[in-house]
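Counting from 1 along the sequence shown, just add 872 to a position and that's the residue number in this note's numbering. C-beta: ideal position from N, C-alpha, C; glycine also. Please read all numbers here as calculations on a predicted model, not as lab measurements. Below you'll find the structure, written out as structure tokens, and then a few comments.
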Amino acid sequence: MELSTFFLLGGFAVFVGGLIGCVGIGGVLLVPILTYIFNIDIHIAIAAAMFSYFFSGIVGTLIYAQKGSIKWAQTRWLVIGAAPAAFVGAKITLSITGHYLEFLISLFVVAAGINAMRNQKSIEGSQNITNPYALFSIGVVTGIGSALTGTGGPLFIVPIMVSLKVTAHTAIGFSQAIQLPIASLATIGNFLYGSVDLIIGGVIASGIIIGSTFGAKLAHLVSPIIMNRILALVLVTVGVIMISRVIFSFYFTNL
């Protein structure tokens, strides 16, 4: 890659990191950016993205913990379920072809956007999930899904928690903390089963660190509802474009 490309990639990573830090969901945009704009193979893109989420997880966890937005007792059970599931998901990823992975990711993008739109009024709910079995199950779903789609965890856990009427800051706090074990185990799996491009991953990680630091601090200054509306529109738009691209690509390939 040229030097200008690396700077552009880093700029996108800052933007994505800002979304991750502020509203949790944001990493879902990273893999499409890497594959569609930078023409990086989707398996390499997912591996690089998961590598970078380790660093956003550190930054986000520290800031949200300082603000008292992470409930560690519940987080423990989420991690117990998510960590081994992410490791298994990394292996499953390699057995799925690129087209199917792209389509799967696009469906999750649209679903996340629609879910965010539907839950705008209830994003400031007041429920507190304490059942360890429920938390463990949510962790398993989050771990496998994150490794398969290269989203790091927030794409799954934030919509799930919001739909269960957990407060926005708590839901996002969970998403920050769970990135760490998911990204770690998925990256180990990617090193064992595939390959991690440390140069691409390093550039992304640098941008993610800057963006997530700013985003996590902004989250406690700006209403989560406003950020949720913006993100919902972005996700639905990107998801529809991705689905259209995959369908057309598959159609012309099979002509």
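Residue of the options minimising C-alpha distance to residue i
i, options, result
"leucine 1105", "Ile897, Leu875, Leu881", "Ile897"
"glycine 1079", "Ser928, Ser1067, Asp913, Ile977", "Ser928"
"valine 886", "Thr1085, Ile1113, Gly1045, Arg948", "Thr1085"
"leucine 1036", "Ile1001, Phe878, Phe910", "Ile1001"
"valine 931", "Ser1095, Ile1115, Ile1081", "Ile1081"
"phenylalanine 923", "Arg1117, Ala1058, Ile1098", "Ala1058"
"alanine 937", "Ile1044, Ile1113, Ile1097", "Ile1044"
"alanine 920", "Gly1024, Trp949, Gly985, Tyr1005", "Gly1024"
"asparagine 1003", "Leu950, Leu891, Asn987, Gly889", "Leu950"
"threonine 1021", "Ile1098, Gly1083, Leu891, Tyr925", "Tyr925"
"leucine 1029", "Ile1097, Gly890, Gly899", "Leucine is not the amino acid found at residue 1029; the sequence shown has isoleucine there. Selected option, being the one with the closest Cα: Gly899."
"tyrosine 1065", "Ser967, Gly890, Ile1032", "Ser967"
"isoleucine 905", "Ile977, Thr947, Ile1032, Ala957", "Ile977"
"leucine 901", "Val981, Ile935, Leu934", "Val981"
"glycine 889", "Gln1051, Val1118, Phe1063", "Gln1051"
"serine 941", "Tyr972, Tyr908, Val1038, Phe1008", "Val1038"
"valine 895", "Val1034, Thr947, Tyr972, Leu979", "Val1034"
"isoleucine 1032", "Ser1056, Ile986, Phe1063", "Ile986"
Alpha-carbon to alpha-carbon, residue j and residue i
i, j, result
"lysine 1128", "phenylalanine 1046", "Here the chain has residues from 873 to 1127 only, and residue 1128 is not among them."
"arginine 1101", "valine 1108", "11 Å"
"glycine 997", "leucine 875", "The pLDDT assigned to glycine 997 is 47, lower than 50, so where the model puts this residue is not dependable, and the model offers no usable value."
"threonine 1042", "histidine 1092", "11 Å"
"isoleucine 952", "glycine 1011", "7 Å"
"isoleucine 918", "alanine 1019", "8 Å"
"phenylalanine 1120", "phenylalanine 884", "26 Å"
"alanine 955", "valine 1094", "31 Å"
"lysine 963", "isoleucine 1113", "28 Å"
"glycine 1111", "glycine 961", "22 Å"
"isoleucine 830", "methionine 989", "Any question about residue 830 goes unanswered here, given that the chain covers just 873 to 1127."
"serine 1116", "glutamine 1048", "31 Å"
"alanine 984", "leucine 1027", "7 Å"
"alanine 957", "leucine 1090", "31 Å"
"threonine 933", "threonine 907", "28 Å"
"alanine 1006", "glycine 1017", "17 Å"
"leucine 1070", "glycine 1083", "19 Å"
"leucine 891", "glutamine 946", "24 Å"
"alanine 1077", "arginine 948", "25 Å"
Distance CB(residue i)-CB(residue j) smaller than 8 Å
i, j, result
"glycine 882", "alanine 1088", "no"
"isoleucine 914", "valine 903", "yes"
"valine 1075", "phenylalanine 878", "yes"
"phenylalanine 959", "glycine 1061", "yes"
"glycine 1015", "isoleucine 1072", "no"
"phenylalanine 1008", "valine 1118", "no"
Report the start-end ranges of each beta strand (DSSP E) in the segment 972-1032 that is 3 residues or longer and not cut off at the edges.
If we require 3 residues or more, the segment 972-1032 turns out to have no beta strand (DSSP E) run fully inside it.
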